[in-house]
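Chains A and B are the protein sequences, given in the same order.
Each residue of the first sequence is one higher than the last, beginning at 1 in the working numbering.
Each residue of the second sequence is one higher than the last, beginning at 1001 in the working numbering.
This report concerns only the one structure given below.
Protein chains: 2
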Amino acid sequence: MTRSELHALIRAKQSFLCVGLDTDPNKLPDHLVGDPQGVLKFNKAIIEATLPYTVSYKLNIAFYEAMGVEGWQILEQTLALIPEGEAFIIADAKRGDIGNTAAQYAKAFYHTFGCDAVTVNPYMGEDSLTPFLNDQGKWAIALGLTSNKGAQDIELLELKNGQYVFEAAIARMAELGSDENLMFVVGATQPAFFERIREVAPRHFLLIPGVGAQGGQLKDLQTLLTDDIGVLVNSSRMIIYASQSEDFASAARDEAARLQQDMAAML
Amino acid sequence: MTRSELHALIRAKQSFLCVGLDTDPNKLPDHLVGDPQGVLKFNKAIIEATLPYTVSYKLNIAFYEAMGVEGWQILEQTLALIPEGEAFIIADAKRGDIGNTAAQYAKAFYHTFGCDAVTVNPYMGEDSLTPFLNDQGKWAIALGLTSNKGAQDIELLELKNGQYVFEAAIARMAELGSDENLMFVVGATQPAFFERIREVAPRHFLLIPGVGAQGGQLKDLQTLLTDDIGVLVNSSRMIIYASQSEDFASAARDEAARLQQDMAAML
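Structure (structure tokens):
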């Protein structure tokens, strides 16, 4: 999906929401626990309920990988449930390795699984990113400043040149990719750094986790918006686990609709 | 596998070699190309040929992931071919994510696939590492200073406090894990930094890629050895692709045996 197609989807749905399908077999509603098709049924119901309100789905690969071979089948089946062109599909895999290996990960997520984007870890530098930048309409989403407590350990260390590590990472990655094939992950819990982020990545789309459960606020994101919006805001647990009962899908829809309305007001 | 068990294996085989099973379906010997069981047959022959000379196998997960669901089946079948206790098994996955997600990756590689260790990316800090440190006899292997060109982009940036980013990363991770559950990746191509690495991680085992194809020298590693060796040296392409013909397994054995002899001389 190109940037202009993503922008058109955002305008049409009046939403920049990304729903995170971090489906944990141990957190399914009671009536689906123990059902061998439980995770797939759950994902199907969540996708059908939220599709009108979201422009993107983010699949947290760890949760599928933890189920072994079966998990990868469920991942494949889940991806097939998302109508082509109606949502921007992100494999949240946070991969990062030397060039020949990164090329294999790009192949896995762009071609074998057909996702639009994959999250990438910048620690290993140039050759761990560039293999993700060669496919028309496909996107690398590199970690910038993440929403978790551990962000202070490396990302927020100060460099000799006055930058933080995360700023140098974003600036270096932005030299390698354009705002047509590279996005950055920026946690909603880090508003103090939003201005500095837009200095090094003025027009790149940002994937923003951390609204809701982790404490980030939608209203703080206004300073990050570009002329074509330039942000995708992820919510996972707050939507997919909005209810533990048989009404989980309608509860998820209500939560997604609520976020979409707040977003429409910002557009 | 505990540290003392790994040390005993190194003494018994007089080797600290790790064979990398980065098996690419497009690089199989001619007679196995197009065989649906080609990758598995290849891995089986390589394991049988090299087991006397190696104390470890490292499976580069990207190559299996790129094959989709089938790749995960081949990964599972390959792992079953390695006799229990005769080699330290590393999932080279370079995972790293927030705590609840990292816990899923730990579950995937330690339990679902039964590996002894998994490589981890430190960029996101504390909570991306700690879920890998809770299982007796299981190991996180965190990226320190990697062997690739891109290492200069982030890892080798200088911090205000005089450390390099990679040193701060190793030092911080070493506060969280011990030398009984945490190793570090250090590229053989970076000998100029070996002393600084042993200052922040004096006794941690190091997983060392980059000998051979990438230009690293075995003799340079002497300064990294601990009283119980403390290093595993990985070789992938130089061993598994030593020949493109039907003699690939014996060529791999010869290459592994050659490295083992050089290592025995250092012990």
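Cβ coordinates follow ideal geometry from the N, Cα and C atoms, glycine included.
Given the structure is predicted, the values throughout are model-derived calculations rather than measurements.
**OP:** Taking C-beta pairs closer than 8 Å, name the residues in chain A that Ile1240 (chain B) reaches, listed in chain order.
**Re:** Position 240 of the second sequence, counted from the start, is the residue given in the question as residue 1240 (chain B). Neighbours of Ile1240 (chain B) on chain A: none; closest Cβ ~13 Å, over 8 Å.
**OP:** Please state whether DSSP places Tyr64 (chain A) in a helix, a strand or coil.
**Re:** For the purposes of this step, residue 64 (chain A) is taken as residue 64 along the first sequence, with counting starting at 1. Looking at Tyr64 (chain A) - three-state DSSP - the assignment turns out to be helix.
Subject >> Near-chain B residues of the stretch 118 to 145 of chain A - C-beta to any C-beta below 7 Å >> reply: Those residues of the stretch 118 to 145 of chain A that come within reach of chain B (Cβ to Cβ, closer than 7 Å) are Asn121, Pro122, Tyr123, Met124, Gly125, Glu126, Asp127, Ser128, Leu143.
Original post:
Does the pairing of the stretch 175 to 192 of chain A with the stretch 1178 to 1196 of chain B give three or more beta-carbon distances under 8 Å?
Top reply: These segments do not touch.
**OP:** Output the boundary residues of the beta strand (DSSP E) element that contains Leu40 (chain A).
**Re:** On the first sequence, residue 40 (chain A) is found 40 positions in, with the first residue counted as 1. Counting along the chain, Leu40 (chain A) falls outside any beta strand (DSSP E), though it belongs to the alpha helix (DSSP H) covering 38 to 50.
**OP:** Could you check if Thr1223 (chain B) is buried or exposed, using at least 16 other CB atoms within 10 Å of its CB as the buried criterion?
**Re:** The residue given as residue 1223 (chain B) occupies position 223 in the second sequence. The residue is exposed, with fewer than 16 neighbouring Cβ atoms inside 10 Å.
Original post:
Out of curiosity, what's the CA-to-CA distance linking Phe1088 (chain B) and Ala1106 (chain B)?
Top reply: Position 88 of the second sequence holds residue 1088 (chain B). Position 106 of the second sequence holds residue 1106 (chain B). Taking the straight line joining both Cα atoms gives about 16 Å.
Original post:
Can you find a C-beta in chain A that's less than 8 Å from the C-beta of Arg1172 (chain B)?
Top reply: As a working mapping, residue 1172 (chain B) is identified with position 172 in the second sequence. Interface residue, yes.
Original post:
Measuring CB to CB, does Leu1059 (chain B) end up less than 8 Å from Ala1091 (chain B)?
Top reply: Mapped onto the second sequence, residue 1059 (chain B) falls at position 59. Mapped onto the second sequence, residue 1091 (chain B) falls at position 91. Yes; because the gap between Cβ atoms is below 8 Å, this pair is in contact.
Original post:
Looking at the unbroken beta strand (DSSP E) that takes in Leu1021 (chain B), where does it start and where does it end?
Top reply: Taking the first residue of the second sequence as 1, we reach residue 1021 (chain B) at position 21. For Leu1021 (chain B), the enclosing beta strand (DSSP E) starts and ends at 1017 to 1021.
**OP:** Starting from the Cα of Phe166 (chain A), find the closest Cα among A:Asn100, A:Leu145, A:Met173 and give me that residue.
**Re:** Position 166 of the first sequence, counting from 1, holds the residue named residue 166 (chain A). Nearest option by C-alpha distance: A:Leu145.
Original post:
When the Cα of Pro122 (chain A) is compared with those of A:Thr2, A:Cys115, A:Gly137, A:Arg95, which residue comes out closest?
Top reply: On the first sequence, position 122 is the one that residue 122 (chain A) refers to. Residue A:Arg95 is the option with its Cα nearest to Pro122 (chain A).
Original post:
When the Cβ atoms of the stretch 129 to 138 of chain A are set against those of the stretch 1101 to 1120 of chain B, are three or more pairs found closer than 8 Å?
Top reply: Here the stretch 129 to 138 of chain A makes no contact with the stretch 1101 to 1120 of chain B; the two share fewer than three CB pairs at distances below 8 Å.
Subject >> beta strand (DSSP E) segments (min. 3 residues) lying fully within the stretch 1140 to 1180 of chain B >> reply: Listed in chain order, nothing qualifies, since the stretch 1140 to 1180 of chain B has no complete beta strand (DSSP E) run of 3 or more residues.
Original post:
Taking C-beta to C-beta, are Asn1148 (chain B) and Ile10 (chain A) nearer than 8 Å?
Top reply: Here residue 1148 (chain B) refers to the residue found at position 148 when the second sequence is read from its first residue. Here residue 10 (chain A) refers to the residue found at position 10 when the first sequence is read from its first residue. Contact flag unset, no.
Original post:
Mind checking if Thr1112 (chain B) is an interface residue toward chain A, Cβ cutoff 8 Å exclusive?
Top reply: Taking the first residue of the second sequence as 1, we reach residue 1112 (chain B) at position 112. Cβ-Cβ to chain A under 8 Å: yes for Thr1112 (chain B).
**OP:** Flag Phe63 (chain A) as yes if its beta-carbon sits less than 8 Å from any beta-carbon of chain B, otherwise no.
**Re:** The residue given as residue 63 (chain A) occupies position 63 in the first sequence. Proximity of Phe63 (chain A) to chain B, defined by a Cβ-Cβ separation below 8 Å, is satisfied.
Subject >> Span of the alpha helix (DSSP H), counted from its first residue to its last, around Ile1074 (chain B) >> reply: Translated into positions along the second sequence, residue 1074 (chain B) becomes position 74. Where Ile1074 (chain B) is concerned, the enclosing alpha helix (DSSP H) starts and stops at 1069 to 1080.
**OP:** Could you tell me if Val1033 (chain B) is buried or exposed, where buried requires 16 or more neighbouring beta carbons within 10 angstroms of its beta carbon?
**Re:** Residue 1033 (chain B) sits at position 33 when you count from the first residue of the second sequence. Using a 10 angstroms sphere on the CB of Val1033 (chain B), the tally of other CB atoms stays under 16, which defines it as exposed.
Subject >> Alpha carbon of Asp1228 (chain B) to alpha carbon of Ala1142 (chain B), nearest angstrom >> reply: Residue mapping note: residue 1228 (chain B) aligns to position 228 of the second sequence, counting from 1. Residue mapping note: residue 1142 (chain B) aligns to position 142 of the second sequence, counting from 1. Separation of Asp1228 (chain B) and Ala1142 (chain B) (C-alpha to C-alpha, rounded to the nearest whole angstrom) is 20 Å.
Original post:
According to DSSP, which residues form a beta bridge with Ile1229 (chain B)?
Top reply: As a working mapping, residue 1229 (chain B) is identified with position 229 in the second sequence. Answer is B:Thr1226.
Original post:
Any beta-carbon of chain B closer than 8 Å to the one on Pro101 (chain A)?
Top reply: Within the first sequence, numbered from 1, the residue matching residue 101 (chain A) stands at position 101. In the sequence on display, residue 101 (chain A) carries Thr and not Pro. Closer than 8 Å to some Cβ of chain B, the Cβ of Thr101 (chain A) qualifies, so yes.
**OP:** Quick one: which unbroken alpha helix (DSSP H) runs of 4-plus residues sit fully inside the stretch 90 to 134 of chain A? Chain order, please.
**Re:** If we require 4 residues or more, the alpha helix (DSSP H) runs fully inside the stretch 90 to 134 of chain A come out as 99 to 106, 126 to 129.
Original post:
Alpha carbon to alpha carbon, what distance is there between Met1001 (chain B) and Phe205 (chain A)?
Top reply: Looking up residue 205 (chain A) in the first sequence gives position 205. Looking up residue 1001 (chain B) in the second sequence gives position 1. C-alpha of Phe205 (chain A) to C-alpha of Met1001 (chain B): approximately 44 Å in a straight line.
Original post:
Whose Cβ in chain A lies nearer than 7 Å to the Cβ of Ile1098 (chain B)?
Top reply: Mapped onto the second sequence, residue 1098 (chain B) falls at position 98. Residues of chain A passing the Cβ test: Asn148.
Original post:
Since Phe1193 (chain B) is in the beta strand (DSSP E), which residue starts that stretch and which ends it?
Top reply: As a position in the second sequence, residue 1193 (chain B) is number 193, starting the count at 1. In the DSSP assignment, Phe1193 (chain B) falls outside any beta strand (DSSP E) and carries neither an H nor an E.
**OP:** Look at the alpha carbon of Leu1021 (chain B) and the alpha carbon of Val39 (chain A), and state the distance between them as a whole number of angstroms.
**Re:** Within the second sequence, the letter at position 21 stands for residue 1021 (chain B). Within the first sequence, the letter at position 39 stands for residue 39 (chain A). Distance from the CA of Leu1021 (chain B) to the CA of Val39 (chain A), rounded to the nearest whole angstrom, comes to 32 Å.
Subject >> Beta-bridge partners of Ser1245 (chain B), as assigned by DSSP >> reply: As a working mapping, residue 1245 (chain B) is identified with position 245 in the second sequence. Answer is none; Ser1245 (chain B) lacks a bridge partner.
Subject >> Sequence-distant residues of the same chain with beta carbon closer than 6 Å to Val1019 (chain B), five excluded per side >> reply: Counting from 1 along the second sequence, the entry for residue 1019 (chain B) is found at position 19. Only residues of its own chain outside the window of five on either side were considered, and among them Thr1050, Thr1054, Tyr1057, Ile1239 have a CB closer than 6 Å to the CB of Val1019 (chain B), listed in chain order.
Original post:
Thinking C-alpha only, which one of A:Gly215, A:Ala249, A:Leu225 is nearest Arg198 (chain A)?
Top reply: The residue given as residue 198 (chain A) occupies position 198 in the first sequence. Per the Cα distances, A:Leu225.
Original post:
Among A:Ala102, A:Ala140, A:Lys41, A:Asp127, which has the Cα closest to the Cα of Ala117 (chain A)?
Top reply: Reading the first sequence from its first residue, position 117 is the one you call residue 117 (chain A). Cα-wise, what sits closest to Ala117 (chain A) is A:Ala140.
Original post:
Comparing the C-beta of Gln37 (chain A) with each C-beta of chain B, is any distance below 8 Å?
Top reply: The sequence position of residue 37 (chain A) within the first sequence is 37, counting from 1. Gln37 (chain A) is outside the set of residues whose beta carbon lies under 8 Å from a beta carbon in chain B.
**OP:** Determine which residues share a DSSP beta bridge with Lys219 (chain A) and list them.
**Re:** By one-based count along the first sequence, residue 219 (chain A) stands at place 219. Residue pairing from DSSP leaves Lys219 (chain A) without any beta-bridge partner.
Original post:
Mind pulling the chain A residues with CB within less than 8 Å of Met1181 (chain B)?
Top reply: Counting from one through the second sequence, the residue named residue 1181 (chain B) turns up at place 181. Inspection of the sequence shows that residue 1181 (chain B) is occupied by Asn rather than by Met. Within chain A, no residue comes near Asn1181 (chain B); the closest Cβ sits about 18 Å away, beyond 8 Å.
**OP:** Could you tell me if Asp1272 (chain B) is buried or exposed, where buried requires 16 or more neighbouring beta carbons within 10 angstroms of its beta carbon?
**Re:** Past the edges of chain B, shown from 1001 to 1267, lies residue 1272 (chain B), and the structure says nothing about it.
**OP:** Please report the Cβ distance between Ile1154 (chain B) and Ala169 (chain A), rounded to the nearest whole angstrom; I am assuming they are in contact, meaning their Cβ atoms lie under 8 Å.
**Re:** Here the question's residue 1154 (chain B) lines up with position 154 in the second sequence. Here the question's residue 169 (chain A) lines up with position 169 in the first sequence. Contact flag correct, Cβ pair sits at about 5 Å.
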